[in-house]
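As they're listed, the protein sequences go chains A and B.
If you read the first sequence in UniProt numbering, its first letter stands for residue 1, the second for the next number, and so on.
If you read the second sequence in UniProt numbering, its first letter stands for residue 1, the second for the next number, and so on.
There are 2 protein chains.
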Amino acid sequence: MIGRLNHVAIAVSDIDAATAVYRDTLGGTVSDKVPQPDHGVTTVFVELPNTKIELLEPLGEGSPIQNFLDRNPTGGIHHLCYEVDDIIAARDHLKAEGARVLGNGDPKIGAHGKRVLFLHPKDFCGTLVELEEA
Amino acid sequence: MIGRLNHVAIAVSDIDAATAVYRDTLGGTVSDKVPQPDHGVTTVFVELPNTKIELLEPLGEGSPIQNFLDRNPTGGIHHLCYEVDDIIAARDHLKAEGARVLGNGDPKIGAHGKRVLFLHPKDFCGTLVELEEA
């Protein structure tokens, strides 16, 4: 079912500092900074040859990553995103296996304009998992 | 400097249960379980089309992931591993940038038989980073 690792998302409190770490210290290729008010985050992508790192900074009130940063002030890995071919089939399989899909179970449109779902970390080795329809 | 994302390592307390989650619930392709007594872990790889997930369970006394699991009993993402062409050049660049390399700064032979270094999470957005010479 799961296909490519689309991205690893890292939540940070200062995206400019994090971008400098990935660009200057680690020598990575970084994108421009993009505010995504509909998603409550500002994003920068680190483009690796085989996948990408998504740096996330909270944007506005009630950002979905604010609680995580309150618990992890230096930042940290927030979630992993796997691609699936058919997100409805994936969801139905996961539910049949007893795994918890977050929210009401209907896919939302994610920050890349694709349909996404998030899965409960306690059912996935302590890892918040995003599924994105490829 | 950084190249491919070689793997995402997830520490778990029960590697058989974690393997079942990745194989049966998420429908991934998983390897056999390999005890690595020299590294204090047992490993299973989830082979994705573009990278891999490395499931790690503590093995023996003093496993390097035991403290992490004591703090995160349900498991969690332990580190990210980026490939570099020349690990000595990478280390020297990182030190010149003021980043902390763990241990004495000399590469060790990692679980894949390649030279590796680990970098301090506080210098890398709260993420433990492994560099592996490709």
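Beta carbons are placed, not taken as given, at the ideal position from N, Cα and C, and that holds for glycine.
Here the structure is a predicted model, which means the values were calculated and not measured.
What are the start and end residues of the alpha helix (DSSP H) that includes residue i?
| i | result |
| --- | --- |
| Ile88/A | Ile87 to Ala96 |
| Leu69/B | Gln66 to Arg71 |
| Thr19/B | Ile15 to Ala20 |
Residue i lies in the beta strand (DSSP E); which residues open and close that run?
| i | result |
| --- | --- |
| Ala11/A | Leu5 to Ala11 |
| His79/A | Gly76 to Val84 |
| Thr42/B | Val41 to Glu47 |
| Val101/B | No beta strand (DSSP E) contains Val101/B, which DSSP labels as neither H nor E. |
| Arg115/B | Arg115 to Leu119 |
| Glu133/B | Val129 to Glu133 |
| Ile53/A | Lys52 to Pro58 |
| Pro35/B | Val34 to Gln36 |
With 16 as the cutoff for other CB atoms within 10 Å, does residue i come out buried or exposed?
| i | result |
| --- | --- |
| Ala9/B | buried |
| Gly28/A | buried |
| Ala90/A | buried |
| Pro49/B | exposed |
| Arg71/B | exposed |
| Pro58/A | buried |
| residue 140/A | A query on residue 140/A cannot be resolved here, the shown segment of chain A reaching from 1 to 134 and no further. |
| Pro107/A | buried |
| His79/A | buried |
| residue 170/A | One cannot answer for residue 170/A here, as it falls past the ends of chain A, which runs 1 to 134. |
| Ile109/B | exposed |
Would you kindly work out how many angstroms separate the C-alpha atoms of residue i and residue j, rounded to a whole number?
| i | j | result |
| --- | --- | --- |
| Ser31/A | Gly76/A | 20 Å |
| Asp86/B | Thr43/A | 30 Å |
| Ala111/B | His7/B | 12 Å |
| Thr74/B | Arg100/A | 15 Å |
| Glu133/B | Phe68/A | 32 Å |
| Val41/B | Leu131/B | 18 Å |
| His93/B | Asp92/A | 48 Å |
| Gly3/B | Glu83/B | 5 Å |
| Glu97/B | Leu26/B | 40 Å |
| Pro121/A | Leu102/A | 10 Å |
| Asp123/B | Lys95/B | 11 Å |
| residue 188/A | Leu117/B | This structure cannot speak to residue 188/A, because chain A is shown only from 1 to 134. |
| Pro37/A | Ile65/B | 38 Å |
| Lys114/A | Lys114/B | 37 Å |
| Thr127/B | Asn104/B | 20 Å |
| Pro35/A | Leu55/A | 12 Å |
| Val12/A | Ile88/A | 31 Å |
| Leu62/B | His39/B | Per the sequence shown, residue 62/B should be read as Gly rather than Leu. Answer to the nearest angstrom: the Cα atoms are 10 Å apart. |
| Gly60/B | Val46/A | 37 Å |
| Lys52/B | Lys52/A | 14 Å |
| Leu5/B | Leu119/A | 23 Å |
| Met1/A | Cys125/B | 31 Å |
| residue 154/A | Cys81/A | Coverage of chain A is limited to positions 1 through 134, which leaves residue 154/A absent and any answer about it impossible. |
Does at least one heavy atom of the ligand NAD sit under 7 Å from the Cβ of residue i?
| i | result |
| --- | --- |
| Arg91/B | Summarising the ligand content, the structure contains no ligands, and the ligand NAD is consequently not present. |
At a CB-CB cut-off below 8 Å, which residues of chain D make contact with residue i?
| i | result |
| --- | --- |
| Ile109/A | The chain labelled as chain D is not found among the protein chains of the depicted structure, namely A and B. |
Taking only beta carbons into account, state which residues of the region 9-29 of chain B come closer than 7 Å to chain A, listed in chain order. Ile10, Val12, Ala18, Val21, Asp24, Thr25, Leu26, Gly27 and Gly28
Determine, using beta-carbon pairs with one atom in the region 17-26 of chain B and one in the region 15-22 of chain A, whether at least three such pairs fall under 8 Å. no
Return the residues of the region 96-107 of chain B that lie within a Cβ-Cβ distance of less than 9 Å from chain A, sorted by chain order. Glu97, Gly98 and Ala99
Contact list for the region 35-62 of chain B against chain A, Cβ threshold 7 Å: When C-beta distances to chain A are compared with 7 Å, the residues of the region 35-62 of chain B below that value are Leu48, Pro49, Asn50 and Thr51, in chain order.
Name, going along the chain, the residues of the region 66-88 of chain A whose beta-carbon falls closer than 8 Å to a beta-carbon of chain B. Asn72, Thr74, Gly75, Gly76, Ile77, Leu80 and Tyr82
Contacting positions in the region 114-126 of chain A - beta carbon closer than 8 Å to chain B: Pro121, Lys122, Asp123, Phe124, Cys125 and Gly126
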